[in-house]
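S.K.: FYI, the numbering for the sequence shown is 1 to 151, going by the UniProt record's numbering.
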Amino acid sequence: IEASTVEIEERGVKLRLTVVDTPGYGDSMSCVDCFKPIISYVDEQFERYLHDESGLNRRHIVDNRVHCCFYFISPFGHGLKPLDVEFMKALHSRVNIVPVIAKADTLTLKERERLKRRVLDEIEEHGIKIYQLPDAESDEDEDFKETRLLK
């Protein structure tokens, strides 16, 4: 598990963004419990934040909680692998999950739509909760509206 932090400013709002990467996750042939260290990491960050919030000096608390998981799905299968399902089921009650079809640009539009539909059907079938982008308001950011259209 590798974490990298950057500070960004968007329209006067400063934000500290930490990206946690899990290189090699799922690559092993025997991957029964390979996602458990990731679940433990997420839980540890929540526990640390709760501990800090319960203390006396709450002014300088650093929020290292994991708020969102971009879950990359292989474009070369016919949907979700059993490992994908198990991991997302273990994670969805802890973190907002955004499923992403990796390397989607290698697929034709028809293949991409078919895979997306299949993945969403499997997610629903297994009762996995994923993050739903809110509808754009007329006065909201143009980039957000474009992102919504692509969805």
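No residue lacks a Cβ here, since even glycine has one placed at the ideal position from N, Cα and C.
Computed from a predicted model, the values in this text were never measured in an experiment.
(1) Helix, strand or coil: which one does DSSP assign to I73?
(2) Does DSSP put P134 in a helix, a strand or coil?
(3) For A102, which three-state DSSP category applies?
(4) Can you tell me the Cβ-Cβ gap for D63 and Y41, rounded? I've got them flagged as a contact below 8 Å.
(5) Look up D21 in the DSSP assignment and say whether it is helix, strand or coil.
(6) In chain order, what residues of the same chain have a beta carbon less than 8 Å from the beta carbon of S95, not counting five sequence neighbours either side?
(7) Between E53, L56, N57 and V98, which lies nearest to L120 when the distance is taken from Cα to Cα?
(8) Quick check: A3 and T22, are their CB atoms within less than 8 Å of each other?
(9) Helix, strand or coil for R94? Go by DSSP, reduced to three states.
(10) Do you know offhand how far V100's Cα is from R11's?
(11) Would the segment 68-82 and the segment 116-130 be scored as touching if the rule is three or more Cβ pairs under 8 Å?
(12) What would DSSP say about K110, mapped onto helix, strand or coil?
M.R.: According to the structure shown:
(1) strand
(2) coil
(3) coil
(4) Between Y41 and D63 the Cβ distance is about 15 Å, and since that is not below 8 Å, they are no contact.
(5) Looking at D21 - three-state DSSP - the assignment turns out to be strand.
(6) This sequence places Val at residue 95; Ser is not what is there. Counting only Cβ-Cβ distances below 8 Å, and skipping sequence neighbours, we find V42, V66, H67, C68 and C69.
(7) V98
(8) no
(9) When DSSP states are grouped into helix, strand and coil, R94 belongs to the coil group.
(10) 27 Å
(11) A contact exists between the segment 68-82 and the segment 116-130.
(12) helix
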